[in-house]
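*Asks:* Residue numbers (our numbering): 30 to 427. Think of the CB as a built atom: it goes at the ideal place given N, C-alpha and C, for glycine as much as any other residue.
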Amino acid sequence: MTKSFRTLDDVDVKGKRVLLRVDLNVPMENGRVTDATRLERVAPTIKEISDKGGKVILLAHFGRPKGRDPKESLKPVAEELAKVIKRPVAFADDCIGDVAAKAVGAMKDGDILCLENTRFHKEEEKNDAGFVAELAKLGDIWVNDAFSAAHRAHATTEGLGHKLPAYAGRTMQAELDALGKALDAPTKPVIAIVGGAKVSTKIDLLENLVSKVDALVIGGGMANTFLHAQGIAIGKSLAEKDLAATALRILEKANAANCAIILPVDAVVANQFAANAPSHAYGLDAIPADGMILDVGPQSIARIHSAIDDAATLVWNGPLGAFELTPFDRGTVVSAKHAAERTKARKLTSVAGGGDTVAALNQAGVGGEFTYVSTAGGAFLEWMEGKPLPGVEVLKRG
Ligand code: AMP
Numbered sequence: 030m031t032k033s034f035r036t037l038d039d040v041d042v043k044g045k046r047v048l049l050r051v052d053l054n055v056p057m058e059n060g061r062v063t064d065a066t067r068l069e070r071v072a073p074t075i076k077e078i079s080d081k082g083g084k085v086i087l088l089a090h091f092g093r094p095k096g097r098d099p100k101e102s103l104k105p106v107a108e109e110l111a112k113v114i115k116r117p118v119a120f121a122d123d124c125i126g127d128v129a130a131k132a133v134g135a136m137k138d139g140d141i142l143c144l145e146n147t148r149f150h151k152e153e154e155k156n157d158a159g160f161v162a163e164l165a166k167l168g169d170i171w172v173n174d175a176f177s178a179a180h181r182a183h184a185t186t187e188g189l190g191h192k193l194p195a196y197a198g199r200t201m202q203a204e205l206d207a208l209g210k211a212l213d214a215p216t217k218p219v220i221a222i223v224g225g226a227k228v229s230t231k232i233d234l235l236e237n238l239v240s241k242v243d244a245l246v247i248g249g250g251m252a253n254t255f256l257h258a259q260g261i262a263i264g265k266s267l268a269e270k271d272l273a274a275t276a277l278r279i280l281e282k283a284n285a286a287n288c289a290i291i292l293p294v295d296a297v298v299a300n301q302f303a304a305n306a307p308s309h310a311y312g313l314d315a316i317p318a319d320g321m322i323l324d325v326g327p328q329s330i331a332r333i334h335s336a337i338d339d340a341a342t343l344v345w346n347g348p349l350g351a352f353e354l355t356p357f358d359r360g361t362v363v364s365a366k367h368a369a370e371r372t373k374a375r376k377l378t379s380v381a382g383g384g385d386t387v388a389a390l391n392q393a394g395v396g397g398e399f400t401y402v403s404t405a406g407g408a409f410l411e412w413m414e415g416k417p418l419p420g421v422e423v424l425k426r427g
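(1) Is LEU234 close to the ligand AMP? I mean its beta-carbon at under 7 Å from any heavy atom of the ligand.
(2) In chain order, what residues of the same chain lie with their CB nearer than 7 Å to the CB of PHE112, ignoring the 5 residues before and after it?
(3) Consult DSSP for GLU57 and reduce its assignment to one of helix, strand or coil.
(4) Comparing alpha-carbon positions, which option in ILE141, GLY96 and ASP169 lies nearest THR147?
(5) Let's see if you can read the secondary structure: which residues bound the beta strand (DSSP E) around PHE120?
(6) So does PHE176 have its beta carbon nearer than 7 Å to some heavy atom of the ligand AMP?
(7) Is it the case that the segment 228-239 contacts the segment 350-366, given that we only count it when at least three CB pairs across the two stretches are under 8 Å?
(8) Given a threshold of 16 other Cβ atoms within 10 Å of its Cβ, counted over all protein chains shown, does PRO293 qualify as buried or as exposed?
(9) Spatial neighbours of SER405 within its chain, please: C-beta separation below 6 Å, excluding the five flanking residues on both sides.
(10) From PRO327 to ALA351, what distance separates their C-alpha atoms?
(11) Quick check on LYS231: buried or exposed, where buried means 16 or more other Cβ atoms within 10 Å of its Cβ?
(12) Is GLN267 a contact residue of the ligand AMP, with contact defined as CB to any heavy atom under 7 Å?
(13) Looking at C-alpha atoms only, which residue of ALA273, ASP123 and ALA244 is the closest neighbour of PRO99?
(14) Tell me where the beta strand (DSSP E) around MET321 begins and ends.
(15) Which residue wins for smallest C-alpha separation from ALA65, given the options ILE114, SER79 and LYS270?
(16) Please report the Cβ distance between LEU49 and VAL85, rounded to the nearest whole angstrom; I am assuming they are in contact, meaning their Cβ atoms lie under 8 Å.
(17) Can you list, in chain order, the stretches of the beta strand (DSSP E) that have 3 or more residues and sit fully within the segment 355-409?
(18) Any chance the segment 380-396 sits against the segment 161-174, with 3 or more Cβ pairs inside 8 Å?
(19) Would DSSP call ILE222 helix, strand or coil?
(20) Would you give the residue range spanned by the alpha helix (DSSP H) that ASP80 belongs to?
(21) Can you find the residues in the same chain that come closer than 7 Å, C-beta to C-beta, to ALA258, ignoring five residues on each side of it along the sequence?
(22) Taking 7 Å as the line, does the beta carbon of PRO348 fall inside it for any heavy atom of the ligand AMP?
(23) From ALA132 to TYR401, what distance separates their C-alpha atoms?
(24) What would DSSP say about ILE261, mapped onto helix, strand or coil?
(25) GLY370 and ASP233 look like a contact to me (Cβ under 8 Å); what is the Cβ gap, rounded to whole Å?
(26) Within the continuous beta strand (DSSP E) that includes ILE247, where are the two ends?
(27) What is the DSSP secondary structure of VAL228, reduced to helix, strand or coil?
(28) Can you tell me whether SER240 is helix, strand or coil according to DSSP?
(29) Is ALA262 buried or exposed, if buried means 16 or more other CB atoms sit within 10 Å of its CB?
(30) Please confirm if the segment 334-343 is in contact with the segment 294-307, defined as three or more CB-CB distances below 8 Å between the two stretches.
(31) Drop a sphere of 10 angstroms on the beta-carbon of ARG359, count the other beta-carbons inside from all chains shown, and report buried for 16 or more, exposed for fewer.
(32) Can the beta-carbon of ALA268 be found less than 8 Å from the beta-carbon of ASN284?
(33) Please tell me whether, using a cut-off of 7 Å, the distance from the CB of ASP385 to the nearest non-hydrogen atom of the ligand MN is below it.
(34) Between which two residues does the alpha helix (DSSP H) containing THR275 stretch?
(35) Tell me, which residues are paired with ASP295 by DSSP?
(36) In whole angstroms, what is the alpha-carbon distance linking ASP157 and VAL246?
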């Protein structure tokens, strides 16, 4: 397959100053990194550029600081990164100006330098031309390895791509390849599983999916809105009743596009939103008036499994029930395990993403068994919505 974007295969980085945009937005507690997954993900690109004799200059944001704030410094993250990649990582207290220029000027080929949080300058999020120009002075090329920030047109995620030759890093490349195989040029039939709390946050996503996939499983709290729209009594379940017309429109669109909609046919119902609350499975004609649907029922799970068996490609976002509360994680966990087994048996290409989805798959113990799990939250959702991502589009330029 020809690539529609440039990668590290298309450039000789030796001796070049490489401005490498990465995602270092790791969870921290009391100044310590509590989960280094994101650092591990960017390690291959850093090492490759360094091994090839490029000067690796890391650009990243951290948190949502309002101006310079020591609590949101990237310094401790850079120290943790050095441990993960087992190489020295120098640090500069600013990402532009004399401090940054001096630090870059002192680099030898293969060195790695992390610049301070780009969001310490408000111009980062404004994609300010002057700020982009200041940053561009520090590098010869720009490599974007931060898919998770690609839905933002900020100075370091997009602007630099107009000023310097632009390339995808290896993590970005892997993400785009995996996502391409899931929705852009998938092996058919394609099934999507969409769950989560609310329809309102996923209308664009559902509308895009029904035009692209062969079957769409709708679960989680959002399924309740669809059931209600179809005249089913859902008791006290979480639902957005004012979105009934939207739900019906999505169902009509699916019908017109020949996309099979798989809604729950039964439900696990409890009286309170709490772990281990007493619960029973009911058919949809018998949901108690004082009950809350907290998970898909056993018959629904069986239908979802056979739908997964019929598919060659699966895209998954959102839990099928209130997965943080046992036993209401069951539908999500057993379906995720089933998808993982089909993937292991090489019958299924499975791609999942979105914050809660990654947590749910890890809870099922199958996070590592899907073909690809995206840790990008907002960018993954916008991709599922079919929206162009500015940080990706700029890599296709010229
Ligand atoms: P989202 O962030 O949209 O993917 O939604 C994830 C949240 O949806 C999780 O916190 C789940 O607990 C919640 N959720 C899923 N199913 C239900 C349900 N049937 N009732 C209430 N909350 C649910």
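*Replies:* In short:
(1) no
(2) It is Lys, not Phe, that sits at residue 112 in the sequence shown. Counting only Cβ-Cβ distances below 7 Å, and skipping sequence neighbours, we find nothing.
(3) As written in the sequence, residue 57 is Met, which differs from the Glu given in the question. Strand at MET57.
(4) GLY96
(5) 119-121
(6) no
(7) no
(8) buried
(9) The residue you asked about is not Ser; residue 405 is Ala in the sequence shown. Once the five neighbours on either side are set aside, the close Cβ partners of ALA405 are PHE176 and SER177.
(10) 15 Å
(11) buried
(12) According to the sequence displayed, residue 267 carries Leu and not Gln. Within the cutoff, so yes.
(13) ASP123
(14) 321-325
(15) ILE114
(16) 6 Å
(17) 378-382 and 401-403
(18) no
(19) strand
(20) 66-80
(21) ALA273, ALA276 and LEU277
(22) yes
(23) 37 Å
(24) coil
(25) Position check: residue 370 holds Glu in this sequence, whereas Gly was assumed. In fact, because the Cβ distance is near 31 Å, the residues do not count as touching under 8 Å.
(26) 244-247
(27) coil
(28) coil
(29) exposed
(30) no
(31) buried
(32) no
(33) Looking for the ligand MN in the displayed structure turns up nothing; the ligands present are the ligand AMP.
(34) 273-285
(35) GLY312
(36) 42 Å
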